[in-house]
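These protein sequence lines map, in sequence, to chains A and V. Under our numbering, the first residue of the first sequence is numbered 1, with each subsequent residue one higher. Under our numbering, the first residue of the second sequence is numbered 291, with each subsequent residue one higher. Ideal Cβ placement from N, Cα and C applies to all residues, glycine included. Since we're looking at a predicted model, the values are computed, not measured.
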Amino acid sequence: MNNNRLRCLSRLAGVWLVIGWGVAGAAEKPSTPTITGAGEHFTWVLLDQIRPQLERDQRLQLILFGKESMLGHGCNVGIKKAKENRVGNETFGFICCPLAKEEVENEGLTVHPIALEPLLIIVNKSNPLQDIPIEKVRAIFRGEIRNWKEVGGEDRPIVIVLRPHCPQRPGHWKTIVPAVEQFRKDRIEVKAEAEVVQGVSDFAEGIGNIGSTWVFEPSQNIKVVTVGGVAPTAENLRSKRYPFYQEQSIVTHGEISAPLANMIREVQSGEDFRRVAKKYELLPLTPALP
Amino acid sequence: MIALRTYRHRLVFYIGALLLFLVAALVLSYHSSNTLVLKEAENNTARLAQQIEGQLRIEARDLSERAKMMRDNTGFTGYLYIATSLGTDPGAMAEIYQRQFGWLQIDRTVILSRTGKALIGAQHADLRTTLIKRKLVKGAEVRQFYHDGQRGLEMVATSPISYRSQSLGVIAVTRTLDAEWINVVRHMSGGQLFLVKDGRIVLSTIADEHGGQSFIPSSDRVEINGESYLVRRVAIGDDTLLPQLWFALSQQELTAHLHEQRNRMLAVVIAGCIGGLIIGLMMLRNFSAPLSRLVNLIEEVGAGRLPDIHGGPSHDEIGYLTNRFSEMVTNLREQQDEVKRVQSQLEHEATTDSLTGFYNRRYLYNIFPKLWSEALRSSKSLTLIIADIDYFKMVNDRFGHPVGDRVLLHFAKVLKDNCRVSDFIYRLGGEEFLVLTSGDSEGGMHVAEKIRIALECDSYSDGEHNIPVTASFGVAQADTADGVDGLSRMLQRADKALYMAKTNGRNRVVVWYAQRVSA
């Protein structure tokens, strides 16, 4: 056997080896489930930050919608997305306020609580106040106090910027004033959280509330005030000293697949979520995994 | 009526007519186009002014839409509501205005509360005053009007503004009809625009130095710095106190285009004329001139002359005709020359003696009147000498006619040698000869005697024969009474003298005098 024939045979064997390995590899590789989630902005921030770890550890592909709260994403979108859940099309939603018992039962939903999120009281950066007592915060939002000088500030009218979302669901801004009707009437009412921040930034006399996972931009003239001397932290939520908060949850519909169940469990009690929760002063509602 | 008999005349006439037609067409088209252009320019001025009015209406509508856009923005009206109801810092209004509407093409924005307080645009006091004067602060409709304010003429659109059915005041947005605007409109329309206030130019699309100049149109025309414009007013409202907007087309510019067109036409006409002239000249040179030459030649030939024609190498029809005609004329000339030659020979033969070469009797009769006339003019006499060889018949009989002829030639030679150059020698027939000499009979007698002696002394000799030859001579002088036709009488007298010489013994000279003869 001369050298040429030997070389030719070795090349042929190499080609077959590569083809066989490729086919075998393709046959053995497990399919990666794709899970799609959508909902309000605050939970999206959390999920998006731990998405790489979830995709890696749970071996799934996670698609999330909720970055832009001004584009109509919110709790209702989360519930709608959860109800699209089918075999082969796993979906879930995320919400920032607990659902009413009737809504859960009627829609066949399952709520998976994640964490409590402090509601920050924000004022314009030009406002000299650093703290507002809790009852005065409520009085301001109710319209009982209409000038900053009544709470020790400058002689300026108070401008309330409010996004009264999910008015039929308990929790969230209702920890400040329990019903929309009780809020001051002459207010700036907006439809997105970004507009709340913008409104308070625009008005030197402004005041509003926002979840603690909101990422502020340096150009916005916003600052967070303490309430009755209590800062909006997870620890103060746990001790119930800080009174304003909202509950972040994942919501599913019907039977859910194992990967989705595993993913939710990991979000509720995984180490990665704990780290992010700490960053945003969230109070997890499920004990950590041992 | 001009008679155009020749092609040359026709060609010149046609070319002249063509040039005249072209020039007339040029003049006519220039005058007609001048009128047409000016009339069309007037129509264009009106149409373009209407287009600008349409443009203004579109811009006013757009401006109103912008006012409505502000009116319908709930975020913005919410801010306004809070600002008006609570009296907050205006900075928030400015922030949201800039964020929401800062990109809009608006020159000025003023928002007034129902009390007339400026929520936005407090610096625009003139516009605020106008809005209050027009009672638009509490108005309920979208309005458009023109305003002559701090920035000049402005288009203003206003809209009432409300929040949750609560009236807040009015929004006013403006678009200034400034230099930039009129230059944009000028670019679209192609003419000039003048903003005129109180008969003076406030703003224009032509050079800045016209600002403040008088602008008083008459019959839709106006003169500015010696330049005439067709003008038409652009309607921008009924307020007579407002500046007027005028659209204008420069007459000079229009006529400049016309002149440019006319010059082009002129160039075409001149080129046409030059082309026509060149073609005409070429036709004259290549067609008419050869034809005329041919006609002249034919006329010359017709007149009996046969000119020398030098045919050229031309292969065209006229050249071919000329060459053929030339050959024909050459043939004719050759034939004519031959006829002349033959005629001359015949004439010579008819007037000379073939043996001796002397003139014969016929020629004597032909020439005598002329010689007689000349003699009379010069007051000279003519004398005839008739010579006859003695016993010549015997020579012929004894030696034969060839010898007789040679004897005659011998005698002729003696005659010739002893006569003067001016004398005429004739052979009258047989052995009889005549010498016509000027002078009287005495002179004639000497000439005859000289000849007689010479002949007597010079016998004929040809080596075979030696023949003494003598001759008798009769001399007679012409008499003025003989007249031009007196040759016969002279010959009779000479003949008588010759007869006497013969009868007196021959070899002698006898002269005939009137009434007597002397030997």
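Among the bridge pairs identified by DSSP, G481(V) is matched with none. Where S403(V) is concerned, the enclosing beta strand (DSSP E) starts and stops at R398 to S403. Just so you know, the alpha carbons of L674(V) and Y716(V) end up roughly 11 Å apart. Here the C-alpha atom of L458(V) lies approximately 6 Å from the C-alpha atom of R404(V).
Close partners of D202(A) in chain V (Cβ separation under 8 Å): Y369, G381, A382, E385 and I386. In summary, T32(A) is exposed, with fewer than 16 beta-carbon neighbours lying within 10 Å of its beta-carbon over all protein chains present. Residue burial is scored here from C-beta neighbours: H321(V) has fewer than 16 other C-beta atoms within 10 angstroms and is therefore classed as exposed. Here the alpha carbon of I188(A) sits roughly 12 Å from the alpha carbon of L376(V).
DSSP, read as helix, strand or coil, puts T673(V) in strand.
A distance below 7 Å between beta-carbons, with the five flanking residues on each side excluded, links G153(A) to the following residues of its chain, in chain order: N127, P128 and L129. Taken through DSSP and simplified to helix, strand or coil, A557(V) comes out as helix. Non-local beta-carbon contacts of Y750(V) in its own chain, meaning distances under 6 Å to residues more than five positions away in sequence, involve V697, H700, I757 and V759 in chain order.
For E205(A), the chain V residues whose Cβ falls inside 9 Å of its Cβ are I372, L376, T378, D379 and A382, in order along the chain. Under the 9 Å criterion on CB atoms, G502(V) is classed as non-interfacial with respect to chain A.
Taking 3 residues as the shortest admissible run, the segment 711-779 of chain V contains the following complete beta strand (DSSP E) segments, listed from N- to C-terminal end: 714-719, 722-728 and 761-767. Per the coordinates, the alpha-carbon of W148(A) lies some 57 Å from the alpha-carbon of Q341(V). The contact set of P178(A) on chain V, defined by CB atoms closer than 7 Å, is empty, because the minimum CB distance reaches about 23 Å.
DSSP lists H437(V) and T466(V) as the bridge partner or partners of E444(V). With respect to R356(V), L394(V) sits close: the two C-beta atoms are nearer than 9 Å. Nearest to L544(V) by C-alpha distance, out of A791(V), S323(V), G565(V) and N576(V), is S323(V). Burial of Q534(V) is indicated by the presence of at least 16 other C-beta atoms within 10 angstroms of its C-beta. The Cβ atoms of E107(A) and T36(A) do not sit closer than 9 Å to each other. When the five nearest sequence neighbours on each side are left out, the beta carbons in the same chain lying within less than 7 Å of the beta carbon of V475(V) are those of I342, Q345 and L483, in order along the chain. Boundaries of the beta strand (DSSP E) around I121(A): L109 to N124. Identification of chain A residues near G406(V) by a Cβ-Cβ cut-off of 9 Å yields none; the smallest Cβ-Cβ distance measures about 21 Å.
Residues of the segment 418-444 of chain V with a C-beta atom less than 8 Å from some C-beta of chain A do not occur. Using beta-carbon distances, V190(A) counts as an interface residue toward chain V, with a partner under 9 Å.
One alpha carbon belongs to D438(V), the other to L532(V), and they sit about 6 Å apart. In the three-state scheme derived from DSSP, where H, G and I count as helix and E and B as strand, S323(V) is classed as helix. Here G78(A) is not near T110(A), since their CB atoms are 9 Å or more apart. In the same chain as P287(A), and ignoring 5 residues on each side of it, the C-beta atoms closer than 7 Å to its own belong to S269, in chain order.
Setting aside the 5 residues that flank it on each side, M383(V) is surrounded in the same chain by Y369, L370, A373, I401, L409 and I410, each with a C-beta closer than 8 Å to its C-beta; the list follows chain order.
Inter-residue distance for Q220(A) and V196(A) is about 11 Å (C-alpha atoms, whole angstroms).
Taken in chain order, the members of the segment 144-162 of chain A whose beta-carbon sits within less than 7 Å of a beta-carbon on chain V are P157 and V159. CA-to-CA, the gap between T642(V) and Y803(V) works out to about 30 Å. Under a 10 Å Cβ-count criterion, C747(V) is classified as exposed, with fewer than 16 other Cβ atoms of the shown protein chains found around its own Cβ.
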